[in-house]
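Note that the sequence shown ends on residue 382 in the numbering used here; no numbers are left out. Quick reminder that beta carbons are idealized off the backbone N, C-alpha and C, glycines included. A short worksheet on the structure shown next.
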Amino acid sequence: MTKAIRTPALVVRAFNVEVARVQDQTSDPQTAAFRVHFWLDILNDIYKKEQNISNIPANPVAKELFKICKCYNLPKRHLEKLVLSRSSLLKSRYFRTLEDIEKYADDTVSSIYHLLLAVAGVTDIHADHAASHLGKSQGLTNILRSVHVSNHHKMVTLPMDILMKNKLSQEEVLREKDSEEMRNVVFEVASRAYSHLEKARKIQTPKITNQIFLPATAVDFYLNKLQKNNFNIFDKSLHQGIEDLFVTIVGTLVIFTELNKPYYWDFYIEIAVVHISKKKLN
Numbered sequence: 101m102t103k104a105i106r107t108p109a110l111v112v113r114a115f116n117v118e119v120a121r122v123q124d125q126t127s128d129p130q131t132a133a134f135r136v137h138f139w140l141d142i143l144n145d146i147y148k149k150e151q152n153i154s155n156i157p158a159n160p161v162a163k164e165l166f167k168i169c170k171c172y173n174l175p176k177r178h179l180e181k182l183v184l185s186r187s188s189l190l191k192s193r194y195f196r197t198l199e200d201i202e203k204y205a206d207d208t209v210s211s212i213y214h215l216l217l218a219v220a221g222v223t224d225i226h227a228d229h230a231a232s233h234l235g236k237s238q239g240l241t242n243i244l245r246s247v248h249v250s251n252h253h254k255m256v257t258l259p260m261d262i263l264m265k266n267k268l269s270q271e272e273v274l275r276e277k278d279s280e281e282m283r284n285v286v287f288e289v290a291s292r293a294y295s296h297l298e299k300a301r302k303i304q305t306p307k308i309t310n311q312i313f314l315p316a317t318a319v320d321f322y323l324n325k326l327q328k329n330n331f332n333i334f335d336k337s338l339h340q341g342i343e344d345l346f347v348t349i350v351g352t353l354v355i356f357t358e359l360n361k362p363y364y365w366d367f368y369i370e371i372a373v374v375h376i377s378k379k380k381l382n
């Protein structure tokens, strides 16, 4: 990304991380709800008719978010989706259908792309459609990548309807035992993710969106590797041999903790793809 887009992009992703971390910061539903409302209140303060940074709490992410919202006139609805979607997941703790995951991905990933398009000054319906499809693809892929981490928290994020169709229990998923039924579930989710990726790639968009949609490369990389492993989501090789993708991550994200959390993967993807692009140019 160019510097003009990179800085506000990091602020948007930092905000996304803040709201996504709510579920890991406390096990108390009331405390979690309070923190969700904290961010909703901040958004309301940012979008007041009389904007004033002195009204924003002394939170570095909130302060920076105020600045870019004012500078780029970011649409409030996409920022609200990032918060409200996490609030809904806190209540349900699982996804009933594959369509529920698509909706969640659209709210949590596509919304980021829509915000970055606004930062870049892109008002193009085709770019919006591509952002929606890529966000869904990336969100579905994140669900697959997060199976191991989610299992650690005793939370099954694979869609219940597909698990039931393949006669696979939540306990079997938590035990991380490879089976034909498990591979069938993964195949169905991965196929939907790849379908959205292909749709996004076929849409003609303004040239400037190329740098915004770069994460498509990493999504494609993972899905292809998963296919080569015959959709065995528990195969350790899925997380090996990808030094080219993640060689620059540690140095860039040293300020963060708990780097194995799924909500940091958007950072990982963006940094990795920039690194790959530079290597191809050399």
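> In the structure shown, what three-state DSSP assignment does N284 receive?
Replying inline: Here residue 284 refers to the residue found at position 184 of the sequence shown. Helix, per DSSP.
>> Whole angstroms are fine: how far does the CA of F195 sit from the CA of L274?
In response: Walking along the sequence shown from the start, residue 274 turns up at place 174. Walking along the sequence shown from the start, residue 195 turns up at place 95. About 15 Å.
>> Measuring straight from C-alpha to C-alpha, what distance separates N310 and A205?
In response: Counted from its first residue, the sequence shown places residue 310 at position 210. Counted from its first residue, the sequence shown places residue 205 at position 105. Those two C-alpha atoms are separated by around 21 Å.
>> So, with DSSP's three-state summary, where would you put V256?
In response: Working through the sequence shown from its first residue, we reach residue 256 at position 156. Of the three classes helix, strand and coil, the one that applies to V256 here is coil, per DSSP.
> Anyone know if the C-beta pair for A318 and H233 falls short of 7 Å?
Replying inline: To locate residue 318, count along the sequence shown from 1; it is residue 218. To locate residue 233, count along the sequence shown from 1; it is residue 133. The answer is no: Cβ separation not under 7 Å.
>> Less than 6 Å between C-beta atoms, sequence neighbours within five positions excluded: which residues of the same chain meet that for E164?
In response: What you label residue 164 is simply residue 64 of the sequence shown in a count that begins at 1. Closer than 6 Å at Cβ, skipping near neighbours: V111.
>> Determine whether the beta carbon atoms of W139 and V209 lie at a separation below 7 Å.
In response: Position 39 of the sequence shown, counted from the first residue, corresponds to residue 139. Position 109 of the sequence shown, counted from the first residue, corresponds to residue 209. Contact: no.
> Quick one: what does DSSP say P157 is sitting in, helix, strand or coil?
Replying inline: Position 57 of the sequence shown, counted from the start, is the residue given in the question as residue 157. Note: P157 maps to coil in three-state DSSP.
>> Tell me the residue span of the alpha helix (DSSP H) that contains Q304.
In response: Here residue 304 refers to the residue found at position 204 when the sequence shown is read from its first residue. Counting along the chain, Q304 falls outside any alpha helix (DSSP H), and DSSP gives it neither H nor E.
> Got a sec? Which residues, its chain only, sit under 8 Å from R186 by beta carbon, not counting five neighbours each side?
Replying inline: The residue given as residue 186 occupies position 86 in the sequence shown. Taken in chain order, the residues that qualify are V119, A120, V122, Q123, V136, T208.
> Hey, out of G221, P108, V289, whose CA is closest to K307's CA?
Replying inline: Taking the first residue of the sequence shown as position 1, residue 307 is located at position 207. Checking every option, the nearest Cα to that of K307 belongs to G221.
> Looking only at its own chain, which residues have a Cβ that is under 6 Å from the Cβ of A158, when we skip the five neighbours before and after it?
Replying inline: Taking the sequence shown and counting its residues from 1, one reaches residue 158 at position 58. Excluding residues within five positions, none has a Cβ falling inside 6 Å.
>> Here's a check: name, in chain order, each residue in its chain whose Cβ is nearer than 6 Å to the Cβ of V219, leaving out the five neighbours to either side.
In response: Looking up residue 219 in the sequence shown gives position 119. Only I105, P108, Y172 meet the Cβ criterion.
> Taking the alpha-carbon positions, what's the T102 to S211 distance?
Replying inline: Looking up residue 102 in the sequence shown gives position 2. Looking up residue 211 in the sequence shown gives position 111. Distance between the alpha carbons of T102 and S211: 20 Å.
>> Between V289, N284, K176, which has its C-alpha nearest N242's C-alpha?
In response: Along the sequence shown, one-based indexing puts residue 242 at 142. Nearest C-alpha to N242: V289.
>> Since N330 and R292 should fall inside the 8 Å C-beta cutoff, what is the C-beta to C-beta distance between them, to a whole number of angstroms?
In response: Residue 330 sits at position 230 when you count from the first residue of the sequence shown. Residue 292 sits at position 192 when you count from the first residue of the sequence shown. At roughly 18 Å, the Cβ-Cβ gap does not stay under 8 Å, so N330 and R292 are not in contact.
> Less than 7 Å separating the beta-carbons of I312 and H226?
Replying inline: Counting from one through the sequence shown, the residue named residue 312 turns up at place 212. Counting from one through the sequence shown, the residue named residue 226 turns up at place 126. The answer is no: Cβ separation not under 7 Å.
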